[in-house]
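Notes for the one structure printed next.
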Amino acid sequence: MKFSLKNFLQGFGIIAIILTLLPLIAIDYWWIRVFDFPHAQLTLLTFIALITYFIRFNIKYVGDYIFVSILAACFIFQLIKIYDYTPLSAPEALENTITDTSKSIKIYSANVLQKNTHHELLLSQVTNYNPDIVLLMETDTVWKNAVHNRLSIAYPYYLLEPRGNTYGMLLYSKLPLTRKKIRHLVDKEVPSMEAIVTLESNDQIQLYAIHPTPPMPQHNPMSSDRDTEMMKTAFTVNKRTLPVIVMGDFNDVAWSRTTSLFRKVSKLLDPRIGRGFYNTFNAKNILLRWPLDHLFISQEFRVKRLERTDHIKSDHFPVCTELTFEPDGASLQLPQEPTDSEIESAKSQLKEQNLLTLGMK
Numbered sequence: 001m002k003f004s005l006k007n008f009l010q011g012f013g014i015i016a017i018i019l020t021l022l023p024l025i026a027i028d029y030w031w032i033r034v035f036d037f038p039h040a041q042l043t044l045l046t047f048i049a050l051i052t053y054f055i056r057f058n059i060k061y062v063g064d065y066i067f068v069s070i071l072a073a074c075f076i077f078q079l080i081k082i083y084d085y086t087p088l089s090a091p092e093a094l095e096n097t098i099t100d101t102s103k104s105i106k107i108y109s110a111n112v113l114q115k116n117t118h119h120e121l122l123l124s125q126v127t128n129y130n131p132d133i134v135l136l137m138e139t140d141t142v143w144k145n146a147v148h149n150r151l152s153i154a155y156p157y158y159l160l161e162p163r164g165n166t167y168g169m170l171l172y173s174k175l176p177l178t179r180k181k182i183r184h185l186v187d188k189e190v191p192s193m194e195a196i197v198t199l200e201s202n203d204q205i206q207l208y209a210i211h212p213t214p215p216m217p218q219h220n221p222m223s224s225d226r227d228t229e230m231m232k233t234a235f236t237v238n239k240r241t242l243p244v245i246v247m248g249d250f251n252d253v254a255w256s257r258t259t260s261l262f263r264k265v266s267k268l269l270d271p272r273i274g275r276g277f278y279n280t281f282n283a284k285n286i287l288l289r290w291p292l293d294h295l296f297i298s299q300e301f302r303v304k305r306l307e308r309t310d311h312i313k314s315d316h317f318p319v320c321t322e323l324t325f326e327p328d329g330a331s332l333q334l335p336q337e338p339t340d341s342e343i344e345s346a347k348s349q350l351k352e353q354n355l356l357t358l359g360m361k
């Protein structure tokens, strides 16, 4: 019995080590990039295997010491990678310090699942949260027809791009939207949105919404398109002249190499750091959940509220984020400057024509 369990734990340990190291390989194939996703689950299983090994077996052979040492090193590496997204870490984006409602903005974003027919459930949740901005993704014409009449009354400013390929986007706002644009950064079938939002205080902020394709065989066998769209957005934000919010379903987890690079190159802050994972996918499977839906902010913003909302019968949970605009305190939460090697790494993920479009040399 002990021999069987020991062999099982050793076999699992070898698999855990391989799965931990695979995402470090700089290859964009989906079957490598997909192992970025279940990192928290893998960390927990590695910890359980390590503790079980210590409890059930005497560590007295050289092979045991080698195995336990490697597995412990693997666990520490795994933990370091996700540590920032636990409450044990210091928050990157600080808590709000003002109560002036004219300088606040509440944002509700949801990947609705295109085939989901529970439109009323979403509308009811939007009514309850009463956000200033609503971003809906995976929205086709059916979804647009189901929600537009209701939402357009309370949200008279909008930008709509319904599509039947699961990449449609609907953006609604109570606050004025100007310089509204629908772009196709990588694929003409995959839109992104941008607009300038004017707060009640008359301060202007730049808003970007993206939903790149995932690295999965049924969508895209490589992560190149996703990574390119994220890096194009990052370089654009890097040159910003206004305070910025970038949000959407990135089809990538917060701790991945690509999303970490996006955060550094864009010089934005992640409100989840120091607060929690806020896993949004898969809403239908409690064991396999990870944070695919993101919202990044420039240092002029503070966090008042960050909440994963209740189920809307989608495979994603919506997220409601309330921010305050506090530019006077921006110097207290400056983002890290990207290194030259990080800039070069981000450039390498872009196609040559994309670099030329951005003016990057």
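According to full-length UniProt numbering, numbering within the sequence shown proceeds without interruption in unit steps and concludes at 361. Note that the Cβ used here is the ideal one computed from N, Cα and C, for glycine as well.
Review point. Would you report the Cα separation of residue 362 and residue 151, rounded to the nearest angstrom?
Key: One cannot answer for residue 362 here, as it falls past the ends of the chain, which runs 1 to 361.
Check your understanding: Nearest to residue 193 by alpha carbon, out of 75, 247 and 200?
Key -> It is 247.
Practice item. Return the CA-CA distance between residue 17 and residue 66, expressed in angstroms with no decimal places. Key: About 13 angstroms.
Point to revise | Opening and closing residue of the beta strand (DSSP E) in which residue 347 lies | key: Residue 347 -> not in any beta strand (DSSP E); alpha helix (DSSP H) instead, spanning 340-348.
Point to revise | Length at least 3, wholly inside the region 194-252: the beta strand (DSSP E) runs in chain order | key: Runs of the beta strand (DSSP E) inside the region 194-252: 204-210 and 244-249.
Review point. Going by alpha carbons, who is nearest to residue 266 out of 277, 238, 21 and 106?
Key: Ranking the options by Cα distance to residue 266, first place goes to 238.
Review point. Which term fits residue 289, buried or exposed, when burial requires 16 or more other beta carbons within 10 angstroms of its beta carbon?
Key: Under this definition residue 289 is a buried residue.
Practice item. Give me the Cβ distance between residue 323 and residue 302, rounded to the nearest whole Å; I'm assuming they're in contact under 8 angstroms. Key: At roughly 7 angstroms, the Cβ-Cβ gap stays under 8 angstroms, so residue 323 and residue 302 are in contact.
Check your understanding: Under a Cβ-count criterion, where at least 16 other Cβ atoms within 10 Å of its own Cβ denotes burial, should residue 167 be classed as buried or exposed?
Key -> When all chains shown are included, residue 167 counts as buried.
**Study point:** Residues that DSSP places opposite residue 108 in a beta bridge
**Key:** Residue 108 pairs with 134 and 320.
Point to revise | Range covered by the alpha helix (DSSP H) that runs through residue 64 | key: Residue 64 -> alpha helix (DSSP H) spans 62-83.
Check your understanding: Ends of the alpha helix (DSSP H) at residue 147?
Key -> Where residue 147 is concerned, the enclosing alpha helix (DSSP H) stretches over 141-154.
Exercise for review: Alpha carbon to alpha carbon, how far is residue 101 from residue 342? Give it in angstroms, no decimals.
Suggested key: Going by C-alpha positions, residue 342 is about 38 angstroms away from residue 101.
**Study point:** Closest residue to residue 88 among 306, 273 and 311 (Cα-Cα distance)
**Key:** Of 306, 273 and 311, the residue nearest in Cα terms is 273.
**Study point:** Own chain, CB closer than 6 angstroms to residue 359, minus 5 neighbours either side, in chain order
**Key:** Reliability of the predicted coordinates at residue 359 is poor, the pLDDT of 46 falling under 50, and the value obtained from them is presented with this limitation in mind. Within the same chain, residue 359 has no close Cβ partners at all.
**Study point:** Nearest neighbour of residue 349, chosen from 279, 262 and 119 [CA to CA]
**Key:** Looking only at 279, 262 and 119, the smallest Cα-Cα distance to residue 349 is reached by 262.
Check your understanding: Who are residue 297's beta bridge partners in DSSP?
Key -> 245 and 269.
Point to revise | Span separating the alpha-carbon of residue 243 from that of residue 147 | key: Near 30 angstroms, if we compare the C-alpha coordinates of residue 147 and residue 243.
Point to revise | For residue 190 and residue 176, believed in contact at Cβ under 8 angstroms, the rounded distance | key: About 27 angstroms separates the Cβ atoms of residue 176 and residue 190, ruling out a contact at the 8 angstroms cut-off.
Exercise for review: Measure the alpha-carbon distance for residue 311 versus residue 114 and round it to whole angstroms.
Suggested key: Using only the alpha carbons, I get a separation of about 15 angstroms.
Point to revise | Residue closest to residue 195, alpha-carbon to alpha-carbon, out of 299, 59, 162 and 157 | key: Among 299, 59, 162 and 157, the Cα nearest to that of residue 195 belongs to 157.
Review point. Excluding sequence positions up to five away, which residues of its chain have a Cβ less than 6 angstroms from the Cβ of residue 277?
Key: Closer than 6 angstroms at Cβ, skipping near neighbours: 85 and 291.
Point to revise | Separation of residue 283 from residue 59, as counted between CA atoms | key: Between the alpha carbons of residue 59 and residue 283 lies a distance of about 41 angstroms.
Review point. Taking DSSP as the reference, what is the three-state secondary structure of residue 188?
Key: Residue 188: coil per DSSP, three-state reduction.
Check your understanding: From what residue to what residue does the alpha helix (DSSP H) around residue 56 run?
Key -> Residue 56 -> alpha helix (DSSP H) spans 39-56.
**Study point:** Alpha carbon of residue 186 to alpha carbon of residue 111, nearest angstrom
**Key:** C-alpha separation (whole angstroms): 20 angstroms.
Review point. Start and end of the beta strand (DSSP E) containing residue 177?
Key: Unbroken beta strand (DSSP E) run through residue 177: 177-183.
Practice item. Report yes if the C-beta distance between residue 53 and residue 9 is below 8 angstroms; otherwise report no. Key: Cβ atoms of residue 53 and residue 9: closer than 8 angstroms.
**Study point:** Pairwise C-alpha distance: residue 93 and residue 160
**Key:** For the pair residue 160 and residue 93, the Cα-to-Cα distance works out to about 30 angstroms.
Practice item. Look at the alpha carbon of residue 361 and the alpha carbon of residue 346, and state the distance between them as a whole number of angstroms. Key: At residue 361, the pLDDT of 40 sits below 50, so the modelled position is not reliable and the matter cannot be decided from this model.
Check your understanding: For residue 25, which option in 281, 223 and 286 has the closest C-alpha, if you only look at C-alpha atoms?
Key -> Taking only the C-alpha atoms, the option nearest residue 25 is 223.
Practice item. Could you pull the start and end residues of the alpha helix (DSSP H) that residue 124 belongs to? Key: Its alpha helix (DSSP H) spans residues 119-129.
Practice item. To the nearest angstrom, report how far apart residue 133 and residue 240 are at their CA atoms. Key: So the two alpha carbons sit approximately 21 angstroms from each other.
Review point. Can residue 105 and residue 199 be called in contact, C-beta distance under 8 angstroms?
Key: At the C-beta level, residue 105 and residue 199 come within 8 angstroms of one another.
Check your understanding: Candidates 13, 306, 39 and 15: which alpha carbon is nearest residue 254's?
Key -> For the options 13, 306, 39 and 15, the alpha carbon positioned closest to that of residue 254 is the one of 39.
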